[in-house]
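Residue numbers (mature numbering (1 follows the signal peptide of the UniProt record, and there is no 0)): -20 to -1, 1 to 153.
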C-alpha cells in the first residue's frame, strides 16, 4: 500500500500543470454555475448502501471502483477513478499489484510528457527570456526525479520477483 501511495504521489506530481510561456491572466468572466436538479429525499429506513459508496460488481472496472471508492485516499475519488480508468489494463486489474503497475506506468508516461513539454517551452521563442533559467532548473529537476522514479520502479520489480522466487524455491532439508 505504501508503494501504491508513492506511485500515486508521483503521478499527481507529473500531472501538475505548468504555465510559463505567456502572461496568463485570470478569467474574470462570470461563470455559469449549473443549478442542481431537485433530487428525491433518500429513504433513510433502507439498509442498502448508495451506488456511490458500493462498487458495482458487474462493471469492467470492478477492482478500480472498489479501490477508489472504498479506501481513504488523500486523493479525490473522481480523480482516482479517472486516472486509473484511463488505462485499458484497469479492466483486468484484480489486486493492488495490478493497480501499482498501472499507476507506475502512468506516472512515467506523464513524467515523460512533462519533460517533453518543458523542453519545448524552453526552446519556444515566445517564452520570456527571464524564465529560461527557471525552466532549465525545472527541467533538470523533472529529469532527475523521473530517472530516480524509474530506478525505484525497477528495483521494486526486481525485489518482488526475487521474493516470489524465494517463496517458490524448494526448501532444503
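Note that CB positions come from ideal geometry on N, CA and C, so glycine has one too.
Contact belief for residue i with residue j at Cβ below 8 angstroms, rounded distance in angstroms
i, j, result
"residue 39", "residue 45", "6 angstroms"
Rounded C-alpha distance that separates residue i from residue j
i, j, result
"residue 73", "residue 81", "10 angstroms"
"residue 97", "residue 146", "43 angstroms"
"residue 79", "residue 103", "36 angstroms"
"residue 95", "residue 50", "34 angstroms"
"residue 132", "residue 139", "10 angstroms"
"residue 48", "residue 69", "16 angstroms"
"residue 129", "residue 119", "15 angstroms"
"residue 63", "residue 52", "17 angstroms"
"residue 114", "residue 143", "43 angstroms"
"residue 43", "residue 121", "34 angstroms"
"residue 149", "residue 141", "12 angstroms"
"residue 110", "residue 54", "36 angstroms"
Residue i: first and last residue of the uninterrupted alpha helix (DSSP H) it sits in
i, result
"residue 70", "Where residue 70 is concerned, there is no enclosing alpha helix (DSSP H), given that its DSSP letter is neither H nor E."
"residue 141", "112 to 148"
"residue 44", "42 to 50"
"residue 103", "76 to 103"
Spatially closest choice to residue i from the options, by CA coordinates
i, options, result
"residue 91", "77, 127 and 58", "127"
"residue 137", "116, 113, 68 and 77", "77"
"residue 88", "134, 144, 110 and 148", "134"
"residue 116", "105, 101, 106 and 125", "101"
"residue 85", "99, 108 and 66", "66"
"residue 123", "112, 107, 93 and 54", "93"
"residue 59", "75, 71 and 83", "83"
"residue 61", "75, 41 and 112", "41"
CB contact check: residue i to chain C, cutoff 7 angstroms
i, result
"residue 95", "Here there is only one protein chain, and chain C is not present."
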